[in-house]
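To convert, count from 1 in the sequence shown and add 977; that's my numbering. Report on the structure given below.
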Amino acid sequence: MYPKGMTTTQISGMVEDIYGFEISEGMVSDITDKLLPQIEEWQNRPLFDVYPIVFIDAIHFSVRDDGIIRKLAAYIVLGINEDGHKEVMTIEA
């Protein structure tokens, strides 16, 4: 959420709306600071040249944005490589 432009305050509010518990903006920032390097490493990893089988799916969810509830989708691309191993190729909103 943070890399997509949401503020720590918005993320904190969303967590409370969705999961019913509060986390501080500082905690959101601490978690983000820890996870971003790992996320960036995963996003920049090399992929195989060929995936014989590729699945594309989406998870739909509701989010509150400035008091308006909107439907969003997170698209997931799963590839099966030539060795038969499943690999999440990307997740996009």
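We treat Cβ as the ideally placed atom computed from N, Cα and C, and that holds for glycine.
Kindly indicate which three-state DSSP category residue i falls into: helix, strand or coil?
{"i": "residue 989", "result": "helix"}
{"i": "residue 1061", "result": "coil"}
{"i": "residue 1051", "result": "strand"}
{"i": "residue 1056", "result": "strand"}
Can you list, in chain order, the residues of its chain with a C-beta nearer than 6 Å to that of residue i? Leave out the 5 residues immediately preceding and following it.
{"i": "residue 1050", "result": "1035, 1037"}
{"i": "residue 1041", "result": "994"}
{"i": "residue 1069", "result": "1052"}
Assuming residue i contacts residue j under a Cβ cut-off of 8 Å, what Cβ separation, rounded to an integer in Å, is found between them?
{"i": "residue 1045", "j": "residue 1039", "result": "Residue 1045 to residue 1039, Cβ: 10 Å. No contact."}
What does a CB cutoff of less than 7 Å around residue i pick up in its chain, not counting 5 residues either side in sequence?
{"i": "residue 1000", "result": "989, 992"}
{"i": "residue 1024", "result": "1066"}
{"i": "residue 1020", "result": "none"}
Going along the chain, which residues of its own chain have a beta-carbon closer than 8 Å to the beta-carbon of residue i, five neighbours each way excluded?
{"i": "residue 1063", "result": "1055, 1056, 1057"}
{"i": "residue 1015", "result": "none"}
{"i": "residue 1043", "result": "none"}
Check your understanding: Is the segment 1042–1057 in contact with the segment 1020–1030, if contact means three or more CB pairs nearer than 8 Å?
Key -> Contact holds: three or more Cβ-Cβ distances are below 8 Å.
Practice item. List in chain order: all unbroken alpha helix (DSSP H) runs of 4+ residues lying wholly within the segment 978–1042. Key: Counting only runs of at least 4 residues, the segment 978–1042 fully encloses the following alpha helix (DSSP H) elements, listed from N- to C-terminal order: 985–996, 1002–1020.
Review point. On the three-pair Cβ rule with 8 Å, is the segment 984–992 touching the segment 1003–1019?
Key: Output reads yes: the segment 1003–1019 touches the segment 984–992.
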